[in-house]
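J.: To start, I am sharing the structure in question, which I have written as structure tokens.
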């Protein structure tokens, strides 16, 4: 027989066992609903570190709304006992924090509580799954912020291993993610969550181990060479420090320096781009953008590629449309017409064959041209509708020499990095 480390309070026999009960966002608790099946994508093979004890609750976010808190441990528990369960404690109440918490019981059950806010962007609680499917392998209860999984250590695809005096049951929690496929490449902006966990039955005790799953690390690539000295592409990094400030205006108040690259961004973080004409003083000159795109290499014509702007307008086949930022006299710039600005949401490229995230550095490139402000139809482009009489002028502009300018690398990172 074996005793339990009892992360979730004293267990009962399996046929009476119930997992933690979830408040239902201002509703009475209901019977668990089996979530609809979703197409999943196998995550990239991760780098797995040595097994460690679950993280200390001080390292997690305990700021959980009262209406969705899940009780952790027995009804009466001290703050020390609560922390030993890897949970959060406030007002004599023990509850689960914004993380994925795993426990084992002497009755041979895995108990997993997954928080939506465990990653940035948030986990889609309906898109996470275990190694195997079948009855009892979906969440047994959930609300808008948490999902609870409870299943026998021998079920749901669990792997069994034996070591001297130890029986190990192992499973994995992974998330599916949406992939956008374009003519020259594929990307995703969804989090890829992958957690390996174990129950170890050692003699007369039970151990819970969580194995940290980390993304593959790529060596930093050199900063991309700038285009001709007449044009430069910069990434803005200003941040609001007061309530009610205009985030976009503040963003363009400062820029990353060469020493800041590779710039680190979380998936779906806004990336603020500024393209500027240099070395000119003629107020009639206007900088225009053609195509802007991203690659995993500083070489602009390498593959894969993902379009951000087409003919100076947001790429319409991207679910997360980029946005253009107007630049006028109110910007305080000496020559507002020398600047073009836009914002896109951070993504990572995906292998089109395996649909695995590549986790490569991302480089941004733009094709640019210069025209005179008195040629209005050539310097201004309507992104929603184009008048028929503008066609000839636009075609004429396309025949002019183009200059491609590139950014330094942008790295996709987890929120903790």
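In UniProt numbering, the protein residues as written are 1 to 417.
All C-beta atoms in this analysis are idealised placements derived from N, C-alpha and C, irrespective of residue type, glycine included.
(1) Please report the distance separating the alpha-carbon of residue 246 from that of residue 100.
(2) Closest to residue 407 by CA distance: which of 269, 263 and 286 is it?
(3) Per DSSP, which residues does residue 372 bridge with? Please list them.
(4) Looking at residue 268: is its Cβ nearer than 8 Å to the Cβ of residue 319?
(5) Run the CB neighbour count on residue 30, radius 10 Å, all protein chains shown included, and call it buried at 16 or more, exposed below.
(6) Relative to the C-alpha of residue 237, which residue among 230, 243, 250 and 85 is closest?
(7) I need the straight-line Cα distance from residue 294 to residue 182, nearest angstrom please.
(8) Check the DSSP bridge columns for residue 186 and list the partner residues they point to.
(9) Please classify residue 119: does DSSP put it in a helix, a strand, or coil?
(10) In whole angstroms, give me the CA-to-CA distance for residue 363 and residue 372.
(11) Which term fits residue 48, buried or exposed, when burial requires 16 or more other beta carbons within 10 angstroms of its beta carbon?
(12) Nearest by alpha-carbon distance to residue 201: which of 195, 275, 154 and 315 is it?
(13) Could you give the DSSP three-state label for residue 379: helix, strand or coil?
(14) Pull up the distance between the alpha-carbon of residue 282 and that of residue 305, whole angstroms please.
(15) With which residues is residue 147 paired in a DSSP beta bridge?
(16) Taking the alpha-carbon positions, what's the residue 369 to residue 178 distance?
(17) Assuming the contact rule is C-beta atoms closer than 8 Å, residue 87 and residue 94 should be a hit. Round their C-beta distance to whole Å, please.
(18) What residue from 270, 331 and 277 has the CA that sits closest to residue 308's CA?
(19) Taking the alpha-carbon positions, what's the residue 278 to residue 288 distance?
(20) Please name the residue, chosen from 357, 163, 134 and 273, that lies closest to residue 327 on a Cα-to-Cα basis.
(21) Which of the three DSSP states is assigned to residue 230 in this structure?
(22) Within the present structure, is the beta-carbon of residue 230 separated from the nearest heavy atom of the ligand NAD by less than 7 Å?
(23) Drop a sphere of 10 angstroms on the beta-carbon of residue 290, count the other beta-carbons inside from all chains shown, and report buried for 16 or more, exposed for fewer.
(24) Quick one: what's got a C-beta closer than 7 Å to residue 297's C-beta in the same chain, skipping five residues either side?
T.: Judging by the given coordinates:
(1) 35 Å
(2) 263
(3) 285
(4) no
(5) Note that residue 30 scores 36 on pLDDT, short of 50, meaning its location in the model is unreliable; the coordinates nonetheless yield the value given after this. When all chains shown are included, residue 30 counts as exposed.
(6) 250
(7) 12 Å
(8) 181 and 350
(9) coil
(10) 30 Å
(11) Unreliable positioning characterises residue 48 in this predicted model, as indicated by a pLDDT of 37, which lies under 50. The coordinate reading is nonetheless provided below. Classification for residue 48: exposed.
(12) 154
(13) helix
(14) 35 Å
(15) 114 and 142
(16) 35 Å
(17) 5 Å
(18) 270
(19) 13 Å
(20) 273
(21) coil
(22) The ligand NAD is not part of this structure, which contains no ligands at all.
(23) buried
(24) 363
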